[in-house]
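**Student:** Under the numbering used here, the sequence shown has 80 at position 75, and the numbering climbs by one with no breaks. Cβ atoms here follow ideal geometry from the backbone N, Cα and C, with glycine treated the same way.
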Amino acid sequence: DQFTDLTEREINLIIFLKKSKLPVNINELQKKVWKYGSDLDTHTVETHIYRLRKKIKEKFNDEKFILSSKKGYFIDEKEQ
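1. Taking the DSSP output, what are the residues bridged to Tyr78?
2. Where does Gln85 land, buried or exposed, given buried means 16+ other C-beta within 10 angstroms?
3. Are at least three pairs of beta-carbons, each pair with one atom in the stretch 38–46 and one in the stretch 54–61, less than 8 Å apart?
4. Which same chain residues, not among the five before or five after Lys23, have their C-beta less than 6 Å away from its C-beta?
5. Beta carbon of Thr47, beta carbon of Ile61: below 8 Å?
6. Going by DSSP, what residue range makes up the alpha helix (DSSP H) through Asn17?
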């Protein structure tokens with residue numbers, strides 16, 4: 006399977022971003038994916054996204070799967 010090396014958290018992150026129609030900021034990801042409030046270090050989210058992007062790039066040669074803007078992270082459906 007293509008996604009066997011993804012963690013449960015990474016899979017949940019992809020699912021949440023795919024379902025969201027708008028960019029999702031770090032605080033929202035902390036609440037919805039990590040089930041924590043703002044007491045979770047924002048670098049935790051950023052590190053998970055960095056590692057997930059790296060895995061996707063290595064496996065699928067896709068650098069634009071998870072994008073970011075000033076408003077947050079998102080998956081561009083046009084790129085898929």
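**Tutor:** By the coordinates alone:
1. Val29, Ser73
2. Confidence at Gln85 is low in this model, with a pLDDT of 49, below 50, so the placement of that residue should be treated as unreliable; the coordinate-derived value is given next. Looking at its Cβ environment, which holds fewer than 16 other Cβ atoms inside 10 Å, Gln85 is exposed.
3. Cβ pair count under 8 Å is below three, so no.
4. Ile80
5. no
6. 13–24
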